[in-house]
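Worksheet: the structure to be examined is printed underneath.
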Amino acid sequence: MPGRNDACPCGSGKKYKKCCLNNSQQVAGMVSQGMFEETIQAFQRMIFEITENYTHLLPTQFVELEDNDLDFVYQVSKLLNALRNEEKEESKSYLDHVIERQKKKERRESVIRSMDEWHKVEPSFFEIIEMENGVARAKNVFTEEETSLLLGFHTNDPELDCVFGLPVQCGPYQIFPHELIEILDDEMELLKQLIQYAADEEGKSIDDFLRTTDYIFPAIDHLDEMMEEATEDMIGPLSLLPEEEEVLQGIRQLQKPGNKDVIDDMIAEWENMASINYIQINKPEPMIAAFEHAYRVDLYPEDYKKVTLKYLAEKYQTTTGSISNRKKQIEEYFDDKMESPIITRQSPAADFSSPTEDMFRALNEQTFESEEEFEQFIQKWNETGGVGMMPDKTEAERLFEEAVQAPPQQQKEILEKVLNINPSYIDALVLYSSHLPLDERKRYLTDALKIGEEEFDDEFERENAGSYWMMVETRPYMRGLYAYAQYLLETNNQEKATKYFERIMYLNENDNLGVRYDLIPLLIELEKFDQAQALFDAFPEQTTEMMYHKVLFDYKAGKSEKELKKTIQAAIQSNNQVIVVMGILDNLQNGGISPEIGQSEYEAYQYASQYAHYWDEPLRELVRDIQFG
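Take 1 as the starting number for the sequence shown in UniProt numbering and just add one per residue.
Right under this line is the structure:
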């Protein structure tokens, strides 16, 4: 199962926690798909209206902070409280009026009933008692009240102890449509003590304190520091060897203005390496040089041509070979600690393992006379994991599931068995094609599309175009279309690839596959600016992809210098790591490592690794000049 910070397996290009963690396509055992999606969309529309029209009620200016999830939760929480506490008329708050307006736009009664609970939305802590099929029985850490939380792919995660976020009612469950912050059990104990102490100091109950305080957010943000201090009180400060202490002092001297946190993180990582004897040294200079290369090349693209291994060898009176060896050790340490920083968006064509699809297939076999019957079915599915609730899988289906889980070297062999049993298995054809060279891949992909077009003929398309992804039976065909479009890109057939991407979006107007992120830069490259603008208008989102695609659009479309500069500044404000990461990826041969990956770095790596080839050097230089002065 993907982690909260992994690329979403639906292929949208977003982090999993920002996409299908709270998306009905990927969650097994929940409320009905339509209601779930509509409830999330309704809440997001409400937040959009609030952030557009009511930020003047905040005591400080509202800032959209995409680089820190906690900041975003904090901002939304403050806005909801501001609207809740500001009376408009007739004893109704601004929030009452906003919710009432939103309710008039909804048709589904179950969604409207959920919206009645949104007056109570506040940031909360929950202790996970038990979890099954993505639904957690959880207890509010302070009030002891139990509730059902929908946590998606965190199913049965033994390390998930406590969570924090803005829980929004969706039918019988509460969800976290914007952010879910994981807190380990020992961290939660410390937080409880800190919060209880702060509440006592203000003479408030915990409930009142959580509703009104700004304390909790920085407390979470600085919890690591607090825990380090608590640990130091118990075991005393870490003792370094003299040469290790010299490395620490050398790292500290690398600091440039505004990057104290980065230096502090590097020092903490070095102390950890030393404490576990990960790296043993007898000379500090090569290690300091290796850290300087990592620090300056990764964070300051204007420095990368100057800070070469040769330059550092002369500066520290050592050899380039010694620095390279130390850099390799540092990289191996980070590889052991976290996944590679070069993150690419997973193709939707690769997402063949979806427990939700089993549930939807089972639902398609049922007829429900009432919403109660539906909910009873879902409850039973949760309790049994779907065992005995759908027809047995065929041999081909069983083998395909085995192939999806198999390592690459075995996967191809198992897929050949699947296709021997069922040559018309679309997902098997698509996945098998990924193991073949380009000149052989086309045959299997075109076979997959032909089978899909025969199954979903013109009449089916006329009746269902626009909502294909909502029907589980069409998903293999959609995955095949996407895989074929990507094949066309790899074979430099951009015009034809464009038509296939556009067809996917025609068949699925909500674009659950995130095809827009691939299509927009392609349209810009082909100078189809009107079509690209139409997609910006249809998806007015402030994601890293869209903000930087807009920079590319304004540049290639020849917008005025003033307009282009404004677009670049907005993109930098949304994520200031993209142009930095482009430089890192351009210069990987120099052996750079990345800083610890936060949200902005993660999304920057996704964007740069997917779309940097559309950006020419003059545009990159222009962004650097604006960002770094």
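All C-beta atoms in this analysis are idealised placements derived from N, C-alpha and C, irrespective of residue type, glycine included.
In this text the structure is predicted, and so the values were computed from the model without any measurement.
* L309 to F291, Cα distance in whole Å? -> 12 Å
* Runs of alpha helix (DSSP H) wholly within the region 87-170 (minimum 4 residues, chain order) -> 94-103 and 109-115
* Grouping DSSP H, G and I as helix and E and B as strand, with all else coil, what is G321? -> helix
* Would you report the Cα separation of M546 and G514, rounded to the nearest angstrom? -> 11 Å
* **Inter-residue Cα distance where the pair is L429 and R479** => 11 Å
* To do: Evaluate contact between the region 458-470 and the region 433-440, counting only Cβ atoms and requiring at least three cross-stretch pairs below 8 Å.
  => no
* To do: Note down, in chain order, each residue of its chain lying with its Cβ closer than 7 Å to the Cβ of E202, except the 5 sequence neighbours on either side.
  => F209
* The alpha helix (DSSP H) with Q174 in it runs from where to where? -> No alpha helix (DSSP H) contains Q174, which is instead part of the beta strand (DSSP E) from Y173 to I175.
* Among E130, K103, E109 and I128, which has the Cα closest to the Cα of D119? -> In the sequence as displayed, the identity of residue 119 is His instead of Asp. When only C-alpha atoms are compared, the closest one is K103.
* Asked: Ordered along the chain, which non-local residues of its own chain (more than five positions away) have a Cβ less than 8 Å from that of K528?
  -> T498
* To do: Please check the pair Y500 and I426, which I expect to be a contact at CB under 8 Å, by giving their CB distance rounded to whole angstroms.
  => With 8 Å as the limit, Y500 and I426 do not qualify as a contact, their Cβ atoms being about 15 Å apart.
* Taking one C-beta from the region 567-581 and one from the region 602-617 each time, how about it: are there three or more such pairs within less than 8 Å? -> yes
* Just tell me which of F460, S424, S205 and E463 has its CA closest to the CA of L449. => S424
* One or two residues paired with G466 in a DSSP bridge -> N508
* Asked: What does a CB cutoff of less than 6 Å around I451 pick up in its chain, not counting 5 residues either side in sequence?
  -> S424 and I426
* Asked: Among N508, E401, E130 and Q44, which one has its Cα closest to the Cα of V418?
  -> E401
* In angstroms with no decimal places, state the Cα-to-Cα distance between D264 and A396. => 54 Å
* To do: Check whether the Cβ atoms of I520 and L507 lie closer than 8 Å to each other.
  => no
* With a 10 Å radius around its C-beta and 16 neighbouring C-beta atoms as the bar for buried, classify S77 as buried or exposed. => buried
* Residue of K328, D161, K559 and H97 minimising C-alpha distance to E189 -> D161
* **Ranges of the alpha helix (DSSP H) found wholly within the region 436-502, counting only runs of at least 4** => 438-455, 458-464 and 475-490
* Asked: Since V551 contacts I524 with CB under 8 Å, what's their CB separation in whole angstroms?
  -> Not really, about 10 Å apart at Cβ, beyond 8 Å.
* According to DSSP, what are the bridge partners of I181? -> F164
* To do: Pick helix, strand or coil for K204, following the three-state DSSP scheme.
  => coil
* To do: Rank V472, V141, A136 and I175 by C-alpha distance to the C-alpha of Q193 and give the top, closest one.
  => V141
* Asked: Taking the alpha helix (DSSP H) that K556 falls in, what are its first and last residues?
  -> T544 to K556
* **As assigned by DSSP and simplified to three states, the class of D616** => coil
* To do: For the alpha helix (DSSP H) holding D392, just list the boundary residues, first then last.
  => No alpha helix (DSSP H) contains D392, which DSSP labels as neither H nor E.
* To do: Take I50 and list the residues in its own chain whose beta-carbon comes closer than 7 Å to its own, dropping the five residues that flank it on each side.
  => L79, L83 and V98
* Return the CA-CA distance between F460 and I504, expressed in angstroms with no decimal places. => 15 Å
* Asked: Three-state secondary structure (DSSP) at Y602?
  -> helix
* **Contact under 8 Å by Cβ, Y316 with A289** => yes
* Are three or more beta carbon pairs between the region 238-249 and the region 312-326 nearer than 8 Å? -> no
* State the CB to CB distance for the pair L166 and V121, rounded to an integer number of angstroms; the pair is presumed to be in contact (CB under 8 Å). => 6 Å
* **Closest residue to K105 among Q41, F164 and E145 (Cα-Cα distance)** => Q41
* Asked: Which of helix, strand or coil does DSSP assign to K412?
  -> helix
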